[in-house]
Each structure stands twice: as C-alpha cells, then as structure tokens.
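Chemist: What follows is a single structure, and I will ask about it in a moment.
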Amino acid sequence: PRGIHHYQQAAMKGHEPSRCNLGAAEYGNGNRRLAVQHFMISAKMGHERTLNHIKVMFKEGDATKEQYAEALIGYRDAVEEMKSPQ
Numbered sequence: 554p555r556g557i558h559h560y561q562q563a564a565m566k567g568h569e570p571s572r573c574n575l576g577a578a579e580y581g582n583g584n585r586r587l588a589v590q591h592f593m594i595s596a597k598m599g600h601e602r603t604l605n606h607i608k609v610m611f612k613e614g615d616a617t618k619e620q621y622a623e624a625l626i627g628y629r630d631a632v633e634e635m636k637s638p639q
C-alpha cells in the first residue's frame, strides 16, 4: 500500500516513528521476525514506544531475551547520547 511505501521512505531517512509503524504493520501481518527487526532499529534510535513493543513480544515469545536486552541497551545508549551536551 501507498502508506507503507511512505513509511519505508521515511524510515530509511531515520524517522523512528515510521520505523515503528512498519514494525506494527509487519506484526499485524503475522511477520513477527521482520517486526522485531524494525522495532530493534527504532528502539536503538531512542523510540520508547518501540521498546515497549519488543518487551511485549518477548513476553509473548516472539522476541528472544537477547533481542530484548540488545534493545534495552541500544535505547539507553541513544537516550544518553541525546542528553549529553556536545
């Protein structure tokens, strides 16, 4: 669909909410593996809602403990980087 194409274009340019929306679309289509990949990228960019999606997927068995831990660390690092004065 056209909306997905626009999300893809924005995600490739670093728009983390679009990446999250792509993950949600893949999740809704039953493609859990691709959904986790989108959510991981978005979480590592500091998108908190996406981190929560990965947490839910971990609890449901759709994401591994390692993926959740990686997302947590990536999210934390992104948030810290945004806070640090440069």
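Residues in the sequence shown are numbered from 554 upward in steps of one, following my numbering.
All C-beta atoms, glycine included, are put in the ideal place defined by N, C-alpha and C.
All values reported here derive from a predicted model rather than from experimental measurement.
Identify whether residue 603 lies in helix, strand or coil by the three-state DSSP scheme.
Modeler: Of the three classes helix, strand and coil, the one that applies to residue 603 here is helix, per DSSP.
Chemist: By DSSP, does residue 574 sit in helix, in strand, or in coil?
Modeler: In the structure shown, residue 574 sits in a helix (DSSP, three-state: H, G or I).
Chemist: For the alpha helix (DSSP H) holding residue 559, just list the boundary residues, first then last.
Modeler: From DSSP, the alpha helix (DSSP H) with residue 559 extends over 555-565.
Chemist: Distance check for residue 556 and residue 604, CA to CA, integer angstroms please.
Modeler: Whole-angstrom Cα-Cα distance: 23 Å.
Chemist: Can you tell me the Cα-Cα spacing of residue 584 and residue 593, whole angstroms?
Modeler: Going by the C-alpha atoms only, they are around 14 Å apart.
Chemist: Closer than 6 Å by C-beta to residue 588: which residues in its own chain qualify, once you throw out the five before and the five after it? Chain order, please.
Modeler: Closer than 6 Å at Cβ, skipping near neighbours: 576, 579, 580.
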